[in-house]
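Comments concern the structure below.
Residue numbers (our numbering), protein chains in the order written: chain A, 1 to 190; chain B, 191 to 380; chain C, 381 to 570; chain D, 571 to 760; chain E, 761 to 950; chain F, 951 to 1140.
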């Protein structure tokens, strides 16, 4: 019912349980591409798995604890952004993203993340927002830099994938930094 | 984060758990006005009650079973519309509304209900949508007529309020009727 | 442990979880006959399904919200009646029935429904009791008429079965109507 | 809805959640009399406590694990019998009772227990039924003897009451013993 | 992390969820040997079953209601002792044991049970501890005697195994008896 | 039942639900001293609060997800160490501590943390263990240094206390670092 326009005929919408079939088909296109870079439980193999992911986030969203938002490009679900964690009582959240290959290179994720941060800082009064990525995920680190985030630390060998271990970067942006970063003519958050 | 413009500087947004304080204050203004016309558990007396209502609907929404949407007028929560019931497997849903006095007479509820029906019929493929109201609630019946609904029946003395009993009307509109009713230039549902 | 005599050597008893095997065997005889006329989740295919139905009703009965009562004819479970819904706080309930072919035509269902209505109105002080059936289910509508019910409305195309849609009738009887309808020499409800 | 006649214008019925007010009032009359002889959680002080007891047993009954049955004398709830435990998989159950003073001395409990045992052994195929009582509860031990039970053991100092400890007797009757004990003209169990 | 030395290079430790694989392998060695003498749900066939047992006890232990403790002999899990039941509010508990054949005859179970009883009586202030065993389980009855327990009763034919029924003995020791039984130089319980 | 000796007549034991009264009394002595340095939900005001903390950790421990261990000095509970998080599937855990003033300066926490790390790395095969503390908590940072941990990052202004915000340090030690750090004659972990 609700939708926000992104560039290139793309749209951002809440990704909900009833999208399960669409999400499963999208996962078929995205799976191998995103598997090294996202959390282990996020990549699923079938409709039941897709439904489980959507339900898990829906339940956390109902408790104001997380949130999943899909990106549709030309009417096709191609990825999304999320609040991996959202803790209003401490004023901290963590955002993230995933995208299938065909939709890369258009800045959709960066633009969608800005929507999340505008809402987190502007509407919800959060104090800081984090971004976690594998240290060798250049593309992801570039997004966090474009969002004005600062590298705050490196969790050594904390990311386990396919039998080997990788460092995890923690980036973050504070509310007062976000207000400086945002162009003055930005759409006011709702 | 998401919002749809209604007329008169009003907006429709998902009404969520984190709105509890705003919802409780709104309920203070709406309580006596809406009490005779809404379900008994909908009217609450304090912040805990407001939170309980929002949580109950959030959990049902997480399971694709209901949904609560607030109407903000000039930035103030003044009422809303809802899927009191939403059953995708049978293709039937029930919509409803509530409004505080100051926001009446502007057609906000009718416009917001159209958004719900566009989504239910256009996006979700529902087959029918119901509207339940006390038989002596002229204002509510008028909304259902404006939505192109047909009076399908009257549940005699099924509405208990303040020691007396009232009839309840059941109105409904079918998907094919909705497609005829809607102006052809309407914004395509998302 | 408890049992009420119906005519023709039939008996009405609470239908409980421990009847699961008997209920599954009965369902084998009743399945194709009742499938078009009962709720989609009521018809099950095996013992696990039968157990799930009995457990679901048992849990609702524990909370005073529904109830399942079997009809045994010559010691064989042949069908039953139920409170599909029972809401003491609003004073409304809905009753229903199902029967395998061999037990039809004896008036067992009508007699069993009278037991439920005597209890609902006489013992529990309910205000109204509903009966829902497909509009083309002549046999079911005839039961509701025999129970003194009034047709209150028709939910158009709300009953989905096997790819097509049917109207659903809503019948109801009020407490004061029931007291007039019942013969004065009826056994007092317990 | 269901009822079994006992002697002296008394009746045995399932004791359910909706009896909470009646049960609370009965508990006011029975409390001090039964407190030394029943389980600690069975005696409650108000309507919420009564409701909690009834709900707890209702939930166990829904899972075929226990059961509460009230005795009404001249239309007044005066006590009851129960399956304190019912385990169909092992074939063992435990029965018990409680009664307010005014209803004592009529054999109501013994008669009601016979109903439970007929059902447990005759209908449900249980193998044994136990009876637990404080060793100094002569009245209770007399019931178990009348039921044809054998004293199987004494749990020393296992009953804690009001700061002191008492022995607990375990009585039991086996299915084959029950069939011998019952008079041949007994009503067949249902 | 925690461990208590028993004789013969054996150790007693909490048996927890993360031991599931080790427990499943041990069950492969113990299964046929212990099946006649332990509760029906304790013997499992695979890793999932082992995990279910450990989880069930872990949840009861979290609520102070039971406890599972493994015996490791030369670093191999060979059996254990348990609080089959632990009810601090009534001051009663029940202990038990199981052992694979290779570890029998060393007194490990008796020694481990003494640890449980020292803790139950000395640290937790329990009043009595029970021991249940099949009446024809000479080995088990011998343990209860070595622990200074008294035979309090025999539940006739209450133990169902492989189509036949056996008597169950109830043994128990009271706190004051335990203090007499224990040698004065025993390690003080912690 | 289980206990590990620390220096100065101190002992480390699982801190469980049944310690609630002792934990509440300890919290009375520790509250104001630890409040600025521990998580907001850890400091409680009464017995119910103490019980809630112990139950929450007990349930997570039952699922192998966390763990609470008390330090008793001369028989008095004076503080403890914990797995604030324990995720065997990713090989990462987080440890922490708290202590009332009278027990400081003896190295008890460092010694107790070594027990946790020996178990995490040696017994459970974890890959890394973290330590989180307010950046101005010199005493806590000193413990992490003594444990051979490396400062991996600083979460800016992520610690909210009493209306102001503080940075949070993340320290960590890897399994291979721990093996080098530990003296070769250390007691083998169990």
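Using N, Cα and C, we set each Cβ at its ideal position, and we do this for glycine too.
In this structure, C:531 is the residue among C:445, C:531, C:425, C:388 with its C-alpha nearest to the C-alpha of residue 513 of chain C.
If you ignore the 5 residues before and after residue 20 of chain A, its C-beta comes within less than 7 Å of the C-beta of 47, 50, 51, 54, all in its own chain and listed in chain order. By the criterion of a C-beta distance shorter than 7 Å, residue 765 of chain E is surrounded in its chain by 771, once the five residues flanking it on both sides are discounted.
Contact of residue 350 of chain B with chain C is assigned, a C-beta pair being separated by under 8 Å. Residue 671 of chain D and residue 226 of chain B have their C-alpha atoms some 48 Å from each other.
Taking a Cβ-Cβ cut-off of 9 Å, the neighbours of residue 776 of chain E in chain F comprise 1011, 1012, 1014, given in sequence order. Annotation: the continuous alpha helix (DSSP H) that includes residue 997 of chain F extends over 997–1012. Legend: CB atoms of the segment 505–520 of chain C lying less than 7 Å from CB atoms of chain D are not found in any residue.
The C-beta of residue 368 of chain B comes no closer than 8 Å to any C-beta of chain A. DSSP places residue 132 of chain A in the uninterrupted beta strand (DSSP E) bounded by 128–134. The alpha carbon of residue 198 of chain B has as its nearest neighbour, out of B:301, B:192, B:250, the alpha carbon of B:301.
Here residue 406 of chain C is not near residue 479 of chain C, since their CB atoms are 8 Å or more apart. Against chain A, the beta carbon of residue 1104 of chain F has neighbours under 9 Å at 152, 153, listed in chain order. For residue 339 of chain B, the nearest beta carbon of chain A is not closer than 8 Å to its own beta carbon.
The criterion of a C-beta distance shorter than 8 Å is not satisfied by residue 1030 of chain F and residue 1041 of chain F. With respect to the C-alpha of residue 293 of chain B, the residue from B:220, B:353, B:326, B:337 having the closest C-alpha is B:220. According to the DSSP assignment, residue 598 of chain D belongs to the alpha helix (DSSP H) that extends over 590–604.
Closest option to residue 1085 of chain F, judged by alpha-carbon separation, among F:1105, F:1066, F:1077, F:989: F:1105.
Counting of Cβ neighbours within 10 angstroms places residue 251 of chain B among the buried residues, the total reaching 16 or more. Between residue 992 of chain F and residue 277 of chain B, the alpha-carbon positions lie close to 42 Å from each other.
Rounded to whole angstroms, the Cβ separation of residue 666 of chain D and residue 652 of chain D is 5 Å, and the two are in contact under 8 Å. Out of C:517, C:556, C:541, the CA that lies nearest to the CA of residue 550 of chain C is found in C:517. Scanning D:679, D:634, D:608 for the CA closest to the CA of residue 655 of chain D turns up D:634. In the displayed model, residue 608 of chain D falls within coil according to three-state DSSP, outside both helix and strand. Taking a C-beta distance under 8 Å as the contact criterion, residue 362 of chain B and residue 320 of chain B qualify as a contact pair. Bridge pairing for residue 479 of chain C: C:459 [DSSP]. In the three-state scheme derived from DSSP, where H, G and I count as helix and E and B as strand, residue 1096 of chain F is classed as helix.
Sequence-ordered contacts of the segment 644–675 of chain D with chain C read 658 [C-beta pairs closer than 9 Å].
8 Å or more divides the Cβ of residue 448 of chain C from the Cβ of residue 488 of chain C. For residue 664 of chain D, DSSP records a beta bridge to D:655, D:700.
Between residue 913 of chain E and residue 941 of chain E, the C-beta gap is not smaller than 8 Å, which leaves the two residues out of contact. Distance between residue 749 of chain D and residue 920 of chain E, taken at the CA atoms: about 20 Å. Within the DSSP bridge table, the entry for residue 10 of chain A names A:6, A:73 as partners. In chain order, 43, 98 place their CB closer than 7 Å to the CB of residue 34 of chain A, counting only its own chain and leaving out the 5 sequence neighbours on each side. For residue 735 of chain D, there is no enclosing alpha helix (DSSP H); the enclosing beta strand (DSSP E) covers residues 734–744.
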